[in-house]
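Shown next, in structure tokens, is the structure this report addresses.
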Amino acid sequence: MVNQFLAPLAGGLLIGLSAVMLLLLVGRIAGISGIAWSAVSGAADNAWRWLFLLGLIGGGALYHWISGTPAPAPNPAGWPLAAAAGLVVGIGVRLGNGCTSGHGVCGLGFHSLRSLAATATFMTTGIITVFILRHVLGGGS
Amino acid sequence: MKALAALVCGLMFGAGLALSGMTDTAKVLGFLDIFGDWMPDLAFVMGGAVAVTAIAFTLVLRRRTPIFAQAFSLPQARAIDGRLMIGSALFGTGWGLYGYCPGPGLTALIYGHTGTLAFVVSMFAGMWLASRWLQGRAS
Numbered sequence: 010m011v012n013q014f015l016a017p018l019a020g021g022l023l024i025g026l027s028a029v030m031l032l033l034l035v036g037r038i039a040g041i042s043g044i045a046w047s048a049v050s051g052a053a054d055n056a057w058r059w060l061f062l063l064g065l066i067g068g069g070a071l072y073h074w075i076s077g078t079p080a081p082a083p084n085p086a087g088w089p090l091a092a093a094a095g096l097v098v099g100i101g102v103r104l105g106n107g108c109t110s111g112h113g114v115c116g117l118g119f120h121s122l123r124s125l126a127a128t129a130t131f132m133t134t135g136i137i138t139v140f141i142l143r144h145v146l147g148g149g150s
Numbered sequence: 710m711k712a713l714a715a716l717v718c719g720l721m722f723g724a725g726l727a728l729s730g731m732t733d734t735a736k737v738l739g740f741l742d743i744f745g746d747w748m749p750d751l752a753f754v755m756g757g758a759v760a761v762t763a764i765a766f767t768l769v770l771r772r773r774t775p776i777f778a779q780a781f782s783l784p785q786a787r788a789i790d791g792r793l794m795i796g797s798a799l800f801g802t803g804w805g806l807y808g809y810c811p812g813p814g815l816t817a818l819i820y821g822h823t824g825t826l827a828f829v830v831s832m833f834a835g836m837w838l839a840s841r842w843l844q845g846r847a848s
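So the sequences go chain by chain: A and B. Just so you know, we're using my numbering here: the first sequence kicks off at 10 and counts up by one. Just so you know, we're using my numbering here: the second sequence kicks off at 710 and counts up by one.
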């Protein structure tokens with residue numbers, strides 16, 4: 010039971026520490042959707058963004074390599090659902106100016122009411138979506 | 710130094726996501742399934758991360774400038790408006806459909822699953838569509 014919560018807690022602390030270091034060293038918010046979109050849309054002063062994203066992908070690889078933990082199983086839902094989900098996520102994070110990291114981890118850290126409203130909203134619709142998929146439609150993943 | 714610092718921060722963020730279980734869609738969907746066989750584990754990810762940022766951000770912002778940049782670049786928006794709420798509602802819906810938000814989706818690319826690639830490519834397409842729509846509305 011302890012281990013079950015220890016890894017999420019340690020991971021969360023590491024994510025929080027990363028956000029604090031990015032603010033302290035680079036002066037930026039660790040909002041992944043904002044960083045990713047600015048990087049691909051060719052914003053000015055972009056080198057730090059591409060290196061952050063490189064680290065984001067490499068960090069996961071590094072963790073699995075060092076710890077010897079196997080990669081998680083793929084989501085059994087097919088790629089069409091994945092593509093639909095990605096499209097909705099992409100539209101949503103642009104309109105809402107942030108995702109779990111920008112509004113959740115960082116916005117709540119700034120005690121921002123705007124980010125609290127965003128976080129409460131996406132948590133709620135996430136829960137509703139899973140409820141509908143699993144308990145109303147009975148299928149889903 | 711700024712770019713190197715960003716690389717290190719990204720490595721920590723990605724390692725944190727993989728360690729926490731956020732790159733495992735079964736765990737994420739289990740966490741969102743509060744009316745079913747709820748898996749509360751991932752509450753500790755957001756809890757742990759916000760515990761750190763809520764304390765340390767205040768301390769960091771006592772400085773005039775960041776260490777490797779000229780100035781802090783912080784979001785200025787404060788409004789809780791329709792755009793924020795609709796966007797966040799859509800984002801949560803997509804998150805619940807497959808189990809990835811943007812960060813874990815990108816980190817999970819290294820697992821080489823076809824679904825993750827489809828998710829990420831579509832996510833950028835969605836960002837592009839929304840940006841075009843926002844630009845059209847602004848002009």
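Beta carbons are placed, not taken as given, at the ideal position from N, Cα and C, and that holds for glycine.
query	result
From the beta carbon of A/Leu31, is the nearest beta carbon of chain B less than 9 Å away?	yes
Ignoring anything shorter than 4 residues, give me the alpha helix (DSSP H) runs that lie fully in the region 715–782 of chain B, in order along the chain.	734–741, 752–769
Using a C-beta cutoff of 9 Å, does B/Gly812 count as contacting chain A?	yes
Are the C-beta of B/Gly845 and some C-beta of chain A separated by less than 9 Å?	no
Looking at the unbroken alpha helix (DSSP H) that takes in A/Pro89, where does it start and where does it end?	88–104
Exposed or buried, what is B/Gly725 when buried is set at 16 or more other beta-carbons lying within 10 Å of its beta-carbon?	buried
Going by Cα to Cα distance, which pick from A/Leu15, A/Gly107, A/Gly113 is closest to B/Gln750?	According to the sequence provided, residue 750 of chain B is Asp. The question's Gln does not apply to it. If we check each option's Cα against that of B/Asp750, A/Leu15 comes out closest.
Is it the case that the Cβ atoms of B/Gly723 and A/Gly107 are separated by a distance below 9 Å?	no
Determine the chain A residues that contact B/Arg792 at a beta-carbon separation under 9 Å, and present them in chain order.	Leu104, Gly105, Asn106
Out of A/Ser110, A/Val145, A/Ala129, A/Met30, which one is the CA nearest neighbour of A/Ala45?	A/Ser110
Closer than 9 Å, Cβ to any Cβ of chain C: which residues of the region 63–84 of chain A, in chain order?	Of the protein chains in the structure, A and B, none is chain C.
For a minimum of 3 consecutive residues, which ranges assigned as the beta strand (DSSP E) are wholly contained in the region 30–81 of chain A?	none
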